[in-house]
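Following: one structure in structure tokens, then a few remarks.
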Amino acid sequence: MAACWDLLDDIDATLCVLQPRQPRRSDLWRRVAVGDLTTVLVEAAPERACPRIAVYGPSSAADPLKARAKGARALWTSARGARANLEDILGCALPPPGAADQRDIRLECGICFAFARGAEPADQLCASDRCAQPFHRSCLAEWLATKEDTRQSFATLFGKCPYCSGNIAVARE
1 MAACWDLLDD
11 IDATLCVLQP
21 RQPRRSDLWR
31 RVAVGDLTTV
41 LVEAAPERAC
51 PRIAVYGPSS
61 AADPLKARAK
71 GARALWTSAR
81 GARANLEDIL
91 GCALPPPGAA
101 DQRDIRLECG
111 ICFAFARGAE
121 PADQLCASDR
131 CAQPFHRSCL
141 AEWLATKEDT
151 RQSFATLFGK
161 CPYCSGNIAV
171 ARE
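Those letters in the sequence shown? Residues 1 to 173, per UniProt numbering, in order.
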């Protein structure tokens, strides 16, 4: 467990952490600024040497980073700090603490306007590169369920983005 906390402390000290704003020891995740409306969610766990890395943002910026993040386990080494590991994995320089222009990093849900709903981050994004508005999955599912033009296939709702009217889908939980 100490190695897990050391990793999170290193992230807090060396990277621009956007969420949680005031982390507790029970918060084993960090949302880190990358840039171009893109963030990385780093989830540490005591049983894993390499944290889980998920990239969020418009597909034009996030897709290349997602492809690189798939090989994270092979590139992550505990001999280097979190910043060096993440920069090697993502292939880009990350902003230092407090350096990100928060206007370019939208984290709040476009429906409830909250950063987090319980422990759920706003990680469902509109697929349109010009929109890329984030939503909580539960907010988007509730909103789509109220619209007459929403279609459902098994546990997935298909409808229109509340911001740009582009196609959007969300799995019901």
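Even glycine gets a Cβ: it sits at the ideal position worked out from N, Cα and C. Note that the structure is predicted; figures quoted are calculated from it, not measured.
**Prompt:** By DSSP, does residue 168 sit in helix, in strand, or in coil?
**Reply:** For residue 168, the three-state secondary structure derived from DSSP is strand.
**Request:** Take residue 91 and list the residues in its own chain whose beta-carbon comes closer than 6 Å to its own, dropping the five residues that flank it on each side.
**Result:** Hits under 6 Å: 68.
**Request:** Pull up the CB-CB distance for residue 172 and residue 141, whole angstroms please, since I reckon it's below 8 Å.
**Result:** Yes, they are in contact, since the Cβ atoms of residue 172 and residue 141 sit about 5 Å apart, within 8 Å.
**Request:** Measuring alpha carbon to alpha carbon, tell me which of 78, 25 and 63 ends up nearest residue 51.
**Result:** Checking every option, the nearest Cα to that of residue 51 belongs to 78.
**Prompt:** Alpha carbon to alpha carbon, how far is residue 84 from residue 153?
**Reply:** Taking the straight line from one Cα to the other gives about 43 Å.
**Message:** Between which two residues does the alpha helix (DSSP H) holding residue 14 run?
**Reply:** Here the alpha helix (DSSP H) through residue 14 covers 2-14.
**Closer than 8 Å: residue 133 CB and nearest the ligand GDP heavy atom** = No copy of the ligand GDP appears in this structure; indeed no ligand is present at all.
**Item:** residue 53 in three-state terms, based on DSSP
**Value:** Secondary structure of residue 53 (DSSP, three-state): strand.
**Prompt:** What residues match up with residue 188 in a beta bridge as DSSP calls it?
**Reply:** No answer is possible for residue 188: it lies beyond the span of the chain, which begins at 1 and ends at 173.
**Message:** Rounded to whole angstroms, what is the Cα-Cα separation between residue 96 and residue 114?
**Reply:** Inter-residue distance for residue 96 and residue 114 is about 24 Å (C-alpha atoms, whole angstroms).
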